[in-house]
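Top to bottom, those sequences are chains L and P. Numbered according to the working numbering, the first sequence spans residues 14 to 180. Numbered according to the working numbering, the second sequence spans residues 14 to 180. For every residue, glycine included, the Cβ atom is placed at its ideal position computed from N, Cα and C. Bear in mind the structure is a predicted one, so any value in this text is a computation, not a measurement.
There are 2 protein chains.
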Amino acid sequence: MKISQKGLYALQALMMLTRRYNQGAIRIRDIAYEESLPEKFLELILLELKNARIVESARGAKGGYQLRRPPDEIRLSEIIRLVDGPLAPFGDAEQLRGLITRDADHRALYQVFLDVRDAAAKILENTTLADLMTKPGAGPARRSSKKKGEASVVPLMVHAGGKEGHD
Amino acid sequence: MKISQKGLYALQALMMLTRRYNQGAIRIRDIAYEESLPEKFLELILLELKNARIVESARGAKGGYQLRRPPDEIRLSEIIRLVDGPLAPFGDAEQLRGLITRDADHRALYQVFLDVRDAAAKILENTTLADLMTKPGAGPARRSSKKKGEASVVPLMVHAGGKEGHD
DNA sequence: AGAATCCCTATCGAACTAATAGGCATTGTA
DNA sequence: TACAATGCCTATTAGTTCGATAGGGATTCT
Chain L
14 MKISQKGLYA LQALMMLTRR YNQGAIRIRD IAYEESLPEK FLELILLELK
64 NARIVESARG AKGGYQLRRP PDEIRLSEII RLVDGPLAPF GDAEQLRGLI
114 TRDADHRALY QVFLDVRDAA AKILENTTLA DLMTKPGAGP ARRSSKKKGE
164 ASVVPLMVHA GGKEGHD
Chain P
14 MKISQKGLYA LQALMMLTRR YNQGAIRIRD IAYEESLPEK FLELILLELK
64 NARIVESARG AKGGYQLRRP PDEIRLSEII RLVDGPLAPF GDAEQLRGLI
114 TRDADHRALY QVFLDVRDAA AKILENTTLA DLMTKPGAGP ARRSSKKKGE
164 ASVVPLMVHA GGKEGHD
């Protein structure tokens with residue numbers, strides 16, 4: 014899965030709307046200004062988020078955007094899938110399962126791809142917009158999702174190579 | 014991280030060379046035929062793998078390609094980084110660490126991105142070409158890397174949504 | 001000498017990405 | 001009721017990436 018510039022903008026805009034949750038409609042212009050995003054491009058993104066029922070809009074003067082659901086009910090996986098497609102590094106989960114079943118020669122390879130997508134999905138399904146809110150004074154970030162009967166998963170000590178592992 | 018068609022071809026070609034390990038040089042044409050890959054495109058890929066010292070070539074008649082190191086010393090992470098770039102879903106690990114440090118407003122978001130890349134890295138660093146070899150008769154695949162003093166990590170029961178979780 | 005094979009650079013069309021443009025529709029307010 | 005503010009929507013564009021092909025040069029075996 015690759016997160017595009019557009020995907021990043023979407024997430025940033027939604028973080029902004031999360032901060033302003035319950036404060037009524039926010040103008041595109043204000044979101045763009047506060048998050049330093051290209052206004053016209055953001056307009057397109059918000060339209061897409063609206064069609065996906067993640068945000069809602071008010072038109073005309075005093076119009077603007079706001080979240081349609083509480084921030085702790087909007088998962089990062091949902092947004093990323095919408096804007097940037099499947100979480101799998103190749104194809105999508107369904108396709109990979111098919112290949113694992115049918116392509117005996119490359120089964121093990123596709124299984125690794127599926128493992129990677131599952132690991133990403135686990136993180137992104139369990140992180141909501143609410144989890145991204147950091148208190149202004151707070152130090153190094155660490156988040157947790159609890160509410161609404163969801164399993165809280167803390168990704169503790171996940172690190173690959175040595176202490177110094179680039180990419 | 015997104016694995017391109019080219020990346021998949023590279024991995025497939027290397028799996029083929031793993032099967033033929035210690036059997037001398039294999040012609041591009043034979044690899045292409047056996048794995049059903051476009052020959053000319055594969056040529057480019059192998060050239061790149063050669064420059065990265067993953068495979069070595071012999072030129073002239075009786076020429077061809079072979080792995081330059083034993084299959085259990087070639088990690089999927091190395092190949093994917095070479096062909097498709099950083100494992101992170103956005104930017105690279107170093108850049109993400111910088112953003113987490115400096116961009117207070119979006120720190121938590123970038124931390125999630127880094128968590129995702131760490132999860133992917135963990136899997137891909139711990140899987141080698143040797144791990145992808147399945148016995149011809151064997152059923153559902155499961156692999157493990159042991160040799161050369163590496164920590165063997167079995168990604169057990171990693172699954173996101175419900176039983177039926179597409180992408 | 002000649003055939004086989006890898007080496008290398010160039011090129012191509014299709015698709016995707018990030019962004020901009022501009023007119024239409026709706027709504028609050030003077 | 002006008003009009004200004006704002007979102008809605010479609011089109012367009014320049015630049016990049018992707019997947020693939022082409023072809024001549026260099027090397028090595030027989």
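The C-beta of A106(P) comes closer than 8 angstroms to at least one C-beta of chain L. Proximity of chain L to F54(P) at the Cβ level (cut-off 7 angstroms) is not reached, the minimal Cβ distance being about 17 angstroms. Contacts with chain L at 8 angstroms (Cβ-Cβ) do not include R72(P).
A check of alpha carbon separations from P83(L) across E107(L), K19(L), D118(L), M28(L) identifies M28(L) as the nearest. Here the region 124 to 140 of chain L does not lie against the region 38 to 54 of chain P, with fewer than 3 beta-carbon pairs under 8 angstroms apart.
In terms of CA proximity to K75(P), D43(P) leads the group Q124(P), I58(P), D43(P), L142(P). As DSSP reads the structure, L80(L) sits in a beta bridge with V68(L). Per DSSP, reduced to three states, the secondary structure at R33(L) is coil, with no helix or strand assignment. For L59(L), there are no neighbours in chain P by C-beta distance under 7 angstroms, as the nearest C-beta there is about 18 angstroms away. Counting along the chain, the unbroken alpha helix (DSSP H) around E138(P) starts and ends at 120 to 138.
Taking L112(P) as reference, the option from Y78(P), G98(P), L127(P) with the minimal CA-CA separation is L127(P). Beta bridge pairing from DSSP links T141(L) with R88(L).
Here DSSP, grouped into helix, strand and coil, assigns I16(L) to coil.
At a cut-off of 8 angstroms between C-beta atoms, Q25(L) counts as an interface residue with respect to chain P. At the C-beta level, Y78(L) and S70(L) come within 8 angstroms of one another. From the beta-carbon of I16(P), the residues of chain L found nearer than 8 angstroms are P102, F103, F126. Close CB contacts of R94(L) within its chain, under the 8 angstroms cut and outside five residues either way in sequence, are with L100 (chain order).
Contact of R82(P) with chain L is not assigned, every C-beta pair being separated by 8 angstroms or more. For D144(P), the residues of chain L that pass the 9 angstroms Cβ criterion are A121, V125, in the order they occur in the chain. Nearest neighbour of K19(L) by Cα position, chosen from L62(L), R32(L), T31(L), Y34(L), turns out to be L62(L). Closest in alpha carbon position to N139(L), among R72(L), P51(L), T31(L), E86(L), is E86(L). At a beta-carbon threshold of 7 angstroms, the residues of chain L lying near A132(P) are A132, A133, I136, V171, ordered along the chain. Here I58(P) has K19, Y22, A23, A26, V96 as same chain residues with Cβ atoms under 8 angstroms from its own Cβ, once five neighbours each way along the sequence are excluded. A residue is called buried when at least 16 other Cβ atoms come within 10 angstroms of its Cβ; R120(P) meets this threshold and is buried. With respect to the C-alpha of V125(P), the residue from L142(P), D105(P), E52(P) having the closest C-alpha is D105(P).
For R94(P), a Cβ of chain L is located within less than 8 angstroms of the residue's own Cβ. Here S17(P) has V96, D97 as same chain residues with Cβ atoms under 8 angstroms from its own Cβ, once five neighbours each way along the sequence are excluded.
Assignment of beta-bridge partners to I44(P) by DSSP yields no partner. Not a single CB atom of chain L sits nearer than 8 angstroms to the CB of V68(P). From the beta-carbon of D43(P), no residue of chain L is found nearer than 9 angstroms; the closest lies around 15 angstroms away.
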